[in-house]
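Have a look at the structure below, then the notes.
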Amino acid sequence: MGSRMEVEGTGVSKPVAVIACAGMTLFYVAIFYAPALILRLQPPRSFKEFMIRRFVCAAVSSVVSVVVCTYILSIGSWDASTLLGVYGIRADHIWQAVIFPLTLSSLMYAGSMTMKLLLWLDAWKEDGGSGGCVSSCSIDALKTFIEHVRVCTSNIMFWRNIVVAPLTEELVFRACMISLLLCGGFERYSIIAIFPIFFSLAHLNHFMEVYIQQNRNILKASLVIGLQLGYTVVFGSYASFLLVRTGHLLSPLVAHIFCNYMGLPVVFSRKKGIISLAFVAGAVSFLWFLYPLTQPHLYNAITDDCRCWHGYCSWK
């Protein structure tokens, strides 16, 4: 994989690929305002209704992006496995696409998980934890977990952060855009390093929401959004790396879900230096295993000389 052979017959040039990606980004954001500005719908009666409208808009945007991408790439086959394979949607090597990226992502949260473990141990000691109450503690832990799941699944923001956002964003900003950019002739590492800015800019629409949350303080709102944009660029590069290396959309999707659930990694704690130590150890381990756990042969039965991870070049 990765030779510099020409991509013949795709009808995709670099300018077309970039313009298409910019258009998808703009459409992904703009469509959220369609219910009020274009359809002239009544204002939502609740926050839940507001979010459901956004879910529908994100779904429509994803479908439109796939249709546009399919048209630009001139995919000649309507075979389901072939068509879905262009976007990294595959039924093979599923456990590898889940376990390896999840393991990698969790290493960056070694500090966060260490902090949670220490908090759990402190709570257990306060409850007079001893070997004799292992069974009762296990039952309590199970009940707590079940209640946590119930609360999460009844929260509309859980569905936004864990289901809708990862699915639609990975489909649009990774599957569609990377397919276009690769077939347009861009090098893999330029895609990984530069083009996640499209993904980052799509989060600018949160500015007004953050501005209001920060009591209309533009400086604080700008700092919050700046941090978010920086984080999304880093994560976008990581997710793009996963898709380019594995050719499996499930890999960045799993990482996206996990990172959304965990939030920003805990880097240090004033009281417990072991958290900082755990974070550093996790970060070093992440870098150490980044390439070994994303080797293409782990996720693909065969490799070829085509530049595109999905083998599109060889179809022509």
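Read in order, the letters of the sequence shown correspond to residues 1 to 316 in UniProt numbering.
Idealized CB from N, CA, C, for every residue including glycine.
Listed in chain order, the alpha helix (DSSP H) elements of length 4 or more contained wholly in the region 181-268 are 188-193, 196-201, 207-213, 218-246 and 250-262.
Residue 270 and residue 218 have their C-alpha atoms spaced approximately 29 Å apart. By the beta-carbon neighbour count (other beta carbons within 10 angstroms, threshold 16), residue 108 is buried. By alpha-carbon distance to residue 18, the top candidate from 69, 57 and 60 is 69. The C-beta distance from residue 239 to residue 150 rounds to 30 Å, too long to meet the 8 Å contact threshold. Rounded to whole angstroms, residue 260 and residue 162 show a C-alpha spacing of 7 Å. Judged by pairs of C-beta atoms under 8 Å, the region 88-98 touches the region 235-251, as three or more such pairs exist. Each residue's CA atom was taken as its position, placing residue 88 and residue 242 some 11 Å apart. Three or more beta-carbon pairs separated by less than 8 Å are not found between the region 220-237 and the region 40-57, which leaves the two stretches without contact.
Counted as a single uninterrupted DSSP element, the stretch harbouring residue 108 is not any alpha helix (DSSP H), since DSSP gives it neither H nor E. For residue 112 against residue 265, the beta-carbon gap comes to about 6 Å, under 8 Å, which counts as contact.
Contact between residue 101 and residue 255 is confirmed by a C-beta separation of about 5 Å, below the 8 Å threshold. In this structure, the CA atom of residue 168 is about 14 Å from the CA atom of residue 236.
In this structure, residue 176 lies near residue 65, with their beta-carbon atoms less than 7 Å apart. Counting of Cβ neighbours within 10 angstroms places residue 200 among the buried residues, the total reaching 16 or more.
The beta carbon of residue 115 lies closer than 7 Å to those of 266, 269 and 275 in the same chain, with the five residues before and after it left out. In the DSSP annotation of this structure, the continuous segment of the alpha helix (DSSP H) that includes residue 48 starts and ends at 47-73. At a Cβ-Cβ threshold of 7 Å, residue 205 and residue 29 count as neighbours. With contacts defined as CB atoms closer than 7 Å, residue 152 and residue 145 fail to qualify as a contacting pair.
Boundaries of the alpha helix (DSSP H) harbouring residue 277: 273-289, taken from the DSSP string.
Less than 7 Å divides the Cβ of residue 110 from the Cβ of residue 279. Short of 8 Å from the beta carbon of residue 191, and not among the five residues preceding or following it, lie these beta carbons of its own chain, in chain order: 178, 181, 182, 240 and 244. Judged by DSSP in its simplified three-state form, residue 79 adopts coil rather than helix or strand.
Assignment of residue 179 by DSSP, reduced to helix, strand and coil, places it in the helix class.
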